[in-house]
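Counting from 1, position 317 in the sequence shown corresponds to residue 695 in this note's numbering; the numbering is continuous, with no gaps. Cβ atoms here follow ideal geometry from the backbone N, Cα and C, with glycine treated the same way. Every value quoted in this text rests on a predicted model; they were computed, and no experiment measured them.
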Amino acid sequence: MHTVDDHRENAADAPALAPAAAPAVARAPARAPALPAPVVSWLQRVEAAAHPQPKLTDEVADPKAVQYKFVYVMAPTSGGRHVAICLCKARLRPNGDVAAASPVSEVFSLLSAPPAYLEGDDVDLVRFFIAMRSGSAQGTSATEPKGKVGAILLQMLLEQGKLLWANSWSDMANGLVYPLQGGPTRLASLAWRDEGRVAKLGWSVEPAKGATHSAADQIDYMLPTDPPWYIDNLSIGPLELNRGGIDISLAELQALVAQAPALTGTDKKRVSQLLLAHGLQQLMPLPQPLTQRLRNDVKPIPHLLLESVQMADGGTPRWHDFAVLAYDYDGQRVSFDPAQRVVRQIGDVTEVIERDPKAEAAALNKLNEIGFRKPATAPFNAMAGALALDSQAHWLRFAENDLDALSDAGWHVQKSAKYRYDVVAVEDWYADIDEPVEAGNAWFELELGIIVARKRVPLLPVLVQLIRSAPGDFDPAVLAAHAEADQMLATLPDGERVALPWGRLKPILATLGELYFNDKIKARMRLSTLDAARLEDLARGLELRWTGGERLRETGRKLSQFGSVKKV
């Protein structure tokens, strides 16, 4: 008997018939095409996942079959100072104890072709072990636990009971392994230990609960994990390091401990004094206790270092001027950093001088009033006590007006060999015109200069060198921003430095600026007679001592007057 759907399907497939046609012959339903095997397999897995079938009976293990599992064994390295961890294939006794363990050499194959005894949780452990080993030599199956990943792996192994200890790798092969038990977090602080005639720096660890023996504050091993872990008599757990409130990385601190020298009796006292002087006693313990005397009656004297350095700026060397403020406490100089302590030794007593924050702040405020500010650029912004002024003009004004006043007020002022603002006085300005016979009336030569120590110094070569070394400083907009009374620092051929007022330089640059690069740098500039009007422009803008060229100057005055006549 056919269903309604079958009749509809057949009717749809059959051709149209006349009303008087004979009844149709019944046919079997069409068979659906077979699905590909992968699709069938996937549907079966979906069914199994959605409707798992309970096991009616537990599988009975064959007592004669060899059982295996993966464990992680820790053992000392060949030198005995470090500990390595190894992923091992352990052969089990019938009672579940480890009969023997061997390292797994092909760790990656556990993920690509897992053996039957690889348990579900083992996969994550293997991945963490591989991650921890990254960067280490892959030629060995054992590696030192390290970093954050190492600490996480140890915690996971403890929770799953898969972390074992062996006194040696040969013991591990013979099944002489012992389970490591999780221990509490213990506090560790640095301490100097006397070993014979020397003292060595090491860690003193909070003793385990109930431990009272003499070495209870020592542990067997400290692991370079983050946080560090300890191993102490088959107990393992994290350490909390006392860093004395100092922001120092674990790796850097461990390196300082490893590099600490052994101190003899004569060195211990001096090292203790220096640690105390630099305020490091919270991080590094004193090798020897000191008899201290605290003083709060010493007032600081400000110490100001004036310095200049030349540094590359985009490939072009440029000078950077700065000052460094420090303080002197009765002959003991300390930096601007308030963390530095004032400590000195007087006989057998270590004298600690308390710093005076108010007096130090008053000195800084005085410099701020002058115009000093903390530098905004590296490396000066990272220097303790470094200060800077806005420009050369400010430095020259400070050197002329404020520096002596600081010295008179009792400040210690120190100038480095490269300090640039000890300038010599400019006694006068001159202009020298030369009309050589061979020139006829076609051209003449002009020399502008200054008188320094009663000697004439041509100024044009000095200006040309300044413009070529820093053309941006002579941009018209930059020049216009300089006040007439401001000064520019210039270095003379003999190395002496002078301060040149912008009020005198601007007329020279405006009148002769475009002619600087027409020829090689010389003391004199060759000008056409038609340029005589420039002489009058210079005479009006500057107070100069003129020599020669009276006829040319008169011509220049006439040309200037002619150029100023208004057209009617």
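| Item | Value |
| --- | --- |
| Three-way DSSP call (helix, strand, coil) for residue 789 in this model | coil |
| Span of the alpha helix (DSSP H) around residue 878 | That residue, residue 878, is in no alpha helix (DSSP H); its beta strand (DSSP E) goes 875–879. |
| Residue from 741, 869, 545 and 824 whose Cα sits closest to the Cα of residue 922 | 824 |
| Exposure label - residue 642; buried when at least 16 CB within 10 Å | exposed |
| Whether residue 490 touches residue 551 by CB criterion (9 angstroms) | no |
| Test item: CB-CB of residue 867 and residue 878 under 9 angstroms | yes |
| Residue 853 versus residue 778: straight-line alpha-carbon distance, rounded | 27 angstroms |
| Euclidean distance between Cα positions of residue 593 and residue 537 | 29 angstroms |
| Local Cβ density within 10 Å of residue 455, reported as buried at 16 or more and exposed below that | exposed |
| Residue of 559, 815 and 874 minimising C-alpha distance to residue 803 | 874 |
| Those runs of the beta strand (DSSP E) which lie wholly inside the segment 638–716 and span at least 3 residues | 670–673, 679–691, 694–707 and 710–712 |
| C-alpha gap between residue 635 and residue 668, whole angstroms | 22 angstroms |
| Contained beta strand (DSSP E) runs [length at least 3] in the segment 551–636, N- to C-terminal order | 564–573, 576–583, 599–601, 607–610 and 613–619 |
| Closest by C-alpha distance to residue 914, when choosing among 931, 906 and 927 | 931 |
| Spatial neighbours of residue 948 in its chain, beta-carbon cut-off 6 angstroms, leaving aside the 5 residues before and after | The chain is shown only over 379 to 946; residue 948 falls outside these bounds and no answer can be derived. |
| Nearest-angstrom Cα separation, counted from residue 739 out to residue 881 | 37 angstroms |
| Own chain partners of residue 793 with C-beta closer than 6 angstroms, once the 5 adjacent residues on each side are dropped | 684 |
| Bridge partner(s) assigned by DSSP for residue 723 | 728 |
| Proximity test, Cβ basis, 9 angstroms: residue 818 and chain C | Reference to chain C is not applicable here, since this structure consists of a single protein chain. |
| Between the CA atoms of residue 732 and residue 672 - distance to the nearest angstrom | 7 angstroms |
| Nearest candidate by alpha-carbon position, reference residue 746, set 755, 646 and 763 | 763 |
| Length of the line joining the Cα atoms of residue 540 and residue 596 | 26 angstroms |
| For residue 409 and residue 384, the rounded distance between their alpha carbons | Caution is warranted here: a pLDDT of 44 is assigned to residue 384, below 50, making its placement in the model unreliable, and no coordinate value can be reported. |
| C-alpha gap between residue 766 and residue 821, whole angstroms | 48 angstroms |
| C-alpha distance - residue 851 paired with residue 865, whole-angstrom precision | 13 angstroms |
| Cβ-Cβ separation, residue 805 to residue 840 (assumed contact under 8 angstroms), whole Å | Residue 840 to residue 805, Cβ: 16 angstroms. No contact. |
| Segment contact, 8 angstroms Cβ cut-off, at least three pairs: the segment 519–526 with the segment 461–473 | yes |
| Burial state of residue 689, where buried means 16 or more other Cβ atoms lie within 10 Å | exposed |
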